[in-house]
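Peer 1: Residue numbers (the numbering used here): 213 to 897. C-beta: ideal position from N, C-alpha, C; glycine also. Source: prediction; values computed, not measured.
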Amino acid sequence: MGKIRVVSLVLAAALMGAALTSCDDGRQAAAKQAGGQLASALAARDVGGVPMEGPEPAVAQQQLETALKGLGDAKPAVTAGEPKVDGDKAAVALSYNWHLGGQDWIYQTMAQLVRNSDRWVTDWKPDLLAPQLAEGEVLTLTTEAPARADILGAGDTKLVTERPVLRVGIDKAQLVTERQADSAAKLAQLAKTDPAEYAKQVAGAGEKAFVEAITLRDEAGRTPTDEEIAAIPGAITVKDTMPLAPTRTFARPVLGTVGQATAEQVQNSGGALQPGDTTGASGLQAQYDSQLRGLDGVTVYAQPAGLTAEKLKANPGARRTLFEKAPTPGTPLKTTLDPRLQQLAEDELADVKPASAIVALRPSDGAVLAVASGPGGKSYNTAMLGQYAPGSIFKTVDSLALLRQGATPEKHVQCTETLTVDGRTFKNSDGYPASSLGDITLRDAYAHSCNIAFISQRDKVSQMQLESAATSLGVAVDAPRLGTPAFLGSVPSDASGTEHAASMIGQGKILLSPLAAAVMAGSVAKGSPVSAQLVLNGLGGTAGSTTANRSPSAAGSASAGVPSGKAGSTSAGQGTVASQAASSASAVPSSPAGPPLNGTEAKVLQDMMRAVVTSGHAGFLADVPGAPVGAKTGTAEFGSDNPPKTHSWIIGTHGDLAVAVFVEEGGLGAAVSGPLLKNFLVKAG
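1) State the Cα-Cα distance for the pair Val871 and Ala646, rounded to the nearest angstrom.
2) Kindly identify the DSSP beta-bridge partner or partners of Gly587.
3) Threshold first: 3 residues or longer. Then list the beta strand (DSSP E) segments lying entirely within the segment 281-339, N to C.
4) I want to know whether the segment 283-297 touches the segment 237-255 - three or more CB-CB distances under 8 Å.
5) Using DSSP's beta-bridge definition, name the partner residues of Glu356.
6) Using the DSSP secondary-structure output, state which residues sit across from Arg379 in a beta bridge.
7) Please state whether DSSP places Gln273 in a helix, a strand or coil.
8) When we look at the beta-carbon of Val609 and count the other beta-carbons within 10 Å, is it buried (16 or more) or exposed?
9) Run the proximity test for Ser885: is its beta-carbon closer than 7 Å to any non-hydrogen atom belonging to the ligand GTP?
10) Considering only C-alpha positions, which residue in the set Lys672, Val731, Leu723, Glu679 is nearest to Leu694?
11) Starting from the C-beta of Arg505, find all residues in its chain whose C-beta is less than 7 Å away, skip the five residues before and the five after it, and write them out in chain order.
12) Arg574 to Thr459, Cα distance in whole Å?
13) Going by DSSP, what residue range makes up the beta strand (DSSP E) through Gln472?
14) CB-CB under 7 Å to Gly282, same chain, minus the five flanking residues each way: which ones, in chain order?
15) What does the Cβ neighbour count give for Thr437, buried or exposed, with the cut at 16 atoms within 10 Å?
16) Since I believe Gly718 is in contact with Lys607 (beta carbons under 8 Å), could you give me their beta-carbon distance rounded to a whole number of angstroms?
17) Between Pro343 and the rest of its own chain, which residues show a CB-CB distance below 7 Å, the 5 nearest in sequence each way excluded?
18) Rounded to whole angstroms, what's the CA-CA distance from Asp330 to Leu306? Just pull it up for me.
19) Pull up the DSSP beta-bridge partners for Arg532, would you.
20) Between Lys296 and Ala242, what straight-line distance do the alpha-carbon atoms span, to the nearest angstrom?
21) Report yes if the C-beta distance between Met596 and Ser725 is below 8 Å; otherwise report no.
22) According to DSSP, simplified to helix, strand and coil, what is Ser395?
23) In chain order, what residues of the same chain lie with their CB nearer than 8 Å to the CB of Ser576, ignoring the 5 residues before and after it?
24) Under the rule that 16 or more other beta-carbon atoms within 10 Å means buried, what is Glu877, buried or exposed?
25) Within this structure, are the beta carbons of Gln818 and Phe699 separated by less than 8 Å?
26) Residues bridged to Met264 by DSSP?
27) If we ignore side chains and look at the alpha-carbon of each, how far apart do Glu277 and Asp285 end up?
28) Taking only three categories from DSSP, how would you classify Arg636?
29) Measure the alpha-carbon distance for Leu364 versus Leu748 and round it to whole angstroms.
30) Quick check: the Cα distance between Asp406 and Ser395, rounded to an integer number of angstroms?
31) Measure the C-alpha to C-alpha separation of His624 and Val372 and round it to an integer number of angstroms.
32) Looking at Leu428: is its Cβ nearer than 8 Å to the Cβ of Arg375?
33) Quick check: the Cα distance between Ala682 and Phe666, rounded to an integer number of angstroms?
34) Would you call the segment 565-572 and the segment 466-480 touching, i.e. three or more CB-CB distances under 8 Å?
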């Protein structure tokens with residue numbers, strides 16, 4: 213009987229549960245829907261459409277806006293848990309996640325729902341928004357930015373670090389209103405900024421505000437001087453520090469700059485940036501900003517509305533800390549740049565008026581040691597992003613393609629004064645030595661840079677074989693190890709007639725950057741393709757991209773690779789001094805990359821580059837101390853002027869160093885870029 217009784221009780225309990233379930237009138241599902249609606253409204257910071265118990269939704273919305281105003285425009289993620297229904301009441305847990313200053317503030321509050329007729333409504337209270345938030349209290353946010361991390365060079369040398377600066381501006385507290393406009397105009401003229409705009413900024417600032425006009429490095433010989441600033445009523449200097457390179461121009465297009473976050477940057481940062489924060493504005497500083505900047509320290513307080521600094525000082529307990537997170541320092545960005553070689557390269561280009569560049573790398577491991585862009589490029593990264601017809605340095609690619617078709621350096625080729633292809637006449641560079649005309653070897657044609665000899669071999673190698681040879685030398689390919697955007701060249705796989713002929717002398721649609729030229733030279737020196745590397749530990753940047761900016765050349769662009777100007781001219785090249793905001797284009801080849809350069813091929817090319825120094829027109833490099841120098845010069849005509857303007861190139865190898873020198877409007881490579889290369893190699897040691 214006992215066993216039968218137990219079974220009967222269990223069965224009765226089961227039947228009672230079924231009866232209760234069958235009597236469910238949908239309250240649980242309706243409460244869940246109401247909780248979800250409330251969570252979505254809180255996430256949007258807009259509860260104007262949520263049914264309320266107590267205040268009207270519009271009143272609740274006003275209370276919400278007042279309470280959350282101190283958190284800026286940030287919006288939380290809010291989710292509602294499963295409601296616990298008890299008759300006509302229900303409790304719903306709300307899970308919040310705020311992203312403030314890059315930090316996550318996570319907590320829960322409890323919402324109370326009340327069944328009103330046929331629907332659930334929210335019993336509105338301030339503690340829905342934050343734990344124990346009371347009537348009349350608001351949330352406030354303070355952030356503390358960590359010191360920005362350094363950008364390091366070879367051997368962890370500090371390239372960009374905090375250096376002393378002076379912030380120069382008008383202190384309105386020292387001036388009567390009538391004098392402010394005059395002082396602002398004078399200081400703006402001294403700082404070389406717009407006087408009217410600066411005067412407007414001064415006028416619009418607070419009564420006792422300091423309005424900055426310019427930030428100066430705190431160093432000897434700066435202008436304006438202390439005396440000039442002090443002579444203007446109300447003008448003062450404030451000592452500070454900023455992340456700066458050793459000099460104003462040091463690798464600036466590559467390293468980039470920092471500045472105060474713009475309103476747009478703050479809005480697009482997802483809460484990671486606050487007004488007044490320092491952030492990267494260009495170059496590596498912008499690309500790896502989150503790594504360098506770290507995370508702000510964040511504190512959220514609950515305090516009475518209208519709490520002033522004076523009241524807080526008198527009563528420190530007037531506000532409560534709801535959330536606190538210490539700053540997280542940024543991680544230094546390590547690069548391969550050698551500060552001595554970078555400065556040497558920049559010194560060489562300091563007085564070069566056209567756009568120019570010197571790139572040096574170490575072939576053995578691909579480390580980029582110097583990427584200097586001359587002042588003529590007006591802060592554009594000519595060294596890495598410039599796109600220019602390479603001229604005769606591209607004969608290095610031609611030579612490899614010919615070797616793969618069975619040619620040798622001793623192969624005899626014809627070097628005449630001119631050659632006509634499909635009605636277009638090509639010629640050698642001005643000043644080509646008559647003694648090197650006629651029946652010469654391929655080595656001599658390379659050493660003396662006979663255009664006609666290489667164009668005459670156009671039927672021996674196809675355009676696709678030129679592209680393949682280029683990729684074998686590490687150019688016109690992607691750069692997965694570089695760590696920052698660059699252009700490594702463009703070699704079309706399809707060209708015929710005059711365009712293919714122009715390709716044989718590095719013109720037509722052939723484009724290289726100075727970095728690509730250095731990679732090409734480095735591959736010859738190494739005996740295998742060089743994979744360039746600049747950034748060693750980039751986190752979250754666009755490492756590996758090989759984008760380039762394309763726009764019409766400031767000096768005129770080529771016309772589909774067809775020789776321009778009068779008969780007898782070589783084809784026009786393409787140079788760009790484009791802004792970095794231009795559209796991007798990939799350098800990935802259109803056909804599969806060619807087989808890597810091998811040691812046997814490299815020895816032949818090394819011998820040919822050495823011949824340029826020992827018997828060709830780069831003999832001025834013969835007395836460079838140390839390891840033997842190999843080189844190749846290049847001159848590329850571009851534009852529609854008569855005579856056309858020319859790009860000046862030279863590449864060189866010196867032990868475990870490969871260098872490319874480029875001058876946009878430079879004349880002959882040997883005459884203009886050559887001396888720059890020699891000076892650099894001698895000083896580099």
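Peer 2: If we stick to the structure as given:
1) Residue 871 sits at position 659 when you count from the first residue of the sequence shown. Residue 646 sits at position 434 when you count from the first residue of the sequence shown. Distance between the alpha carbons of Val871 and Ala646: 30 Å.
2) Stepping through the sequence shown from its first residue, residue 587 is reached at position 375. At residue 587 the sequence reads Pro, which differs from the Gly that was named. None, per the DSSP bridge assignment.
3) Qualifying beta strand (DSSP E) stretches, in chain order: 289-292, 296-298, 301-312, 315-328, 331-335.
4) These segments touch.
5) Here residue 356 corresponds to residue number 144 of the sequence shown, with the count starting at 1. Within the DSSP secondary-structure output, Glu356 pairs in a beta bridge with Gly509.
6) Translated into positions along the sequence shown, residue 379 becomes position 167. The partner list for Arg379 (beta bridge, DSSP) reads Thr427, Val450.
7) On the sequence shown, residue 273 is found 61 positions in, with the first residue counted as 1. If DSSP states are grouped into helix, strand and coil, Gln273 belongs with the helices.
8) Residue numbering aside, residue 609 sits at position 397 when the sequence shown is read from its first letter. Burial call: buried.
9) Among the ligands in the structure shown, none appear at all, so the ligand GTP cannot be discussed.
10) Here the question's residue 694 lines up with position 482 in the sequence shown. Minimum Cα distance to Leu694 is reached at Val731.
11) Working through the sequence shown from its first residue, we reach residue 505 at position 293. Excluding five sequence positions before and after Arg505, the CB atoms of its chain that fall closer than 7 Å to its own CB belong to Arg360, Thr491, Gly542, given in chain order.
12) Here residue 574 refers to the residue found at position 362 of the sequence shown. Here residue 459 refers to the residue found at position 247 of the sequence shown. If you take the alpha carbons of Arg574 and Thr459, they lie about 24 Å apart.
13) As a working note, residue 472 is residue 260 in the sequence shown. First-last of the beta strand (DSSP E) with Gln472: 470-472.
14) Here residue 282 refers to the residue found at position 70 of the sequence shown. For Gly282, where only same-chain residues beyond five positions count, the Cβ hits under 7 Å are Val350, Leu351, Thr352, Leu353.
15) Taking the sequence shown and counting its residues from 1, the one referred to as residue 437 is at position 225. Exposed, since its Cβ has fewer than 16 Cβ neighbours within 10 Å.
16) Numbered from 1 along the sequence shown, position 395 holds the residue referred to as residue 607. Numbered from 1 along the sequence shown, position 506 holds the residue referred to as residue 718. About 7 Å separates the two Cβ atoms, so the contact holds.
17) On the sequence shown, position 131 is the one that residue 343 refers to. Once the five neighbours on either side are set aside, the close Cβ partners of Pro343 are Tyr319, Thr321, Leu534.
18) The sequence position of residue 330 within the sequence shown is 118, counting from 1. The sequence position of residue 306 within the sequence shown is 94, counting from 1. Rounded to whole angstroms, Asp330 to Leu306 spans 23 Å at the Cα level.
19) For the purposes of this step, residue 532 is taken as the residue at position 320 of the sequence shown. Arg532 pairs with Ala514.
20) Sequence index remark: in the sequence shown, residue 296 carries index 84 (1-based). Sequence index remark: in the sequence shown, residue 242 carries index 30 (1-based). Answer to the nearest angstrom: the Cα atoms are 12 Å apart.
21) Sequence index remark: in the sequence shown, residue 596 carries index 384 (1-based). Sequence index remark: in the sequence shown, residue 725 carries index 513 (1-based). A contact, by the Cβ cut-off of 8 Å.
22) Translated into positions along the sequence shown, residue 395 becomes position 183. Helix, per DSSP.
23) In the sequence shown, counting from the first residue as 1, residue 576 sits at position 364. Closer than 8 Å at Cβ, skipping near neighbours: Lys738, Asp868.
24) Walking along the sequence shown from the start, residue 877 turns up at place 665. Per the 10 Å Cβ criterion, buried.
25) Residue 818 sits at position 606 when you count from the first residue of the sequence shown. Residue 699 sits at position 487 when you count from the first residue of the sequence shown. No, the Cβ-Cβ distance between Gln818 and Phe699 is not below 8 Å.
26) The residue given as residue 264 occupies position 52 in the sequence shown. Residue pairing by DSSP puts Met264 in a beta bridge opposite Thr334.
27) Residue mapping note: residue 277 aligns to position 65 of the sequence shown, counting from 1. Residue mapping note: residue 285 aligns to position 73 of the sequence shown, counting from 1. Roughly 10 Å separates the two Cα atoms.
28) Against the sequence shown, residue 636 aligns to sequence position 424. In the three-state reduction of the DSSP assignment, Arg636 falls in the strand class, which pools E and B.
29) Position 152 of the sequence shown, counting from 1, holds the residue named residue 364. Position 536 of the sequence shown, counting from 1, holds the residue named residue 748. Their backbone Cα atoms lie some 10 Å apart in a straight line.
30) Position 194 of the sequence shown, counted from the start, is the residue given in the question as residue 406. Position 183 of the sequence shown, counted from the start, is the residue given in the question as residue 395. Looking at the two C-alpha atoms, the distance is approximately 13 Å.
31) The residue given as residue 624 occupies position 412 in the sequence shown. The residue given as residue 372 occupies position 160 in the sequence shown. Each residue's Cα considered, the two are about 54 Å apart.
32) Locating residue 428 in the sequence shown gives position 216, counting from the first residue. Locating residue 375 in the sequence shown gives position 163, counting from the first residue. The criterion of a C-beta distance shorter than 8 Å is not satisfied by Leu428 and Arg375.
33) Along the sequence shown, one-based indexing puts residue 682 at 470. Along the sequence shown, one-based indexing puts residue 666 at 454. Straight across, the Cα-Cα distance linking Ala682 with Phe666 is about 16 Å.
34) When Cβ pairs closer than 8 Å are counted between the two stretches, the segment 565-572 is seen not to touch the segment 466-480, the count staying below three.
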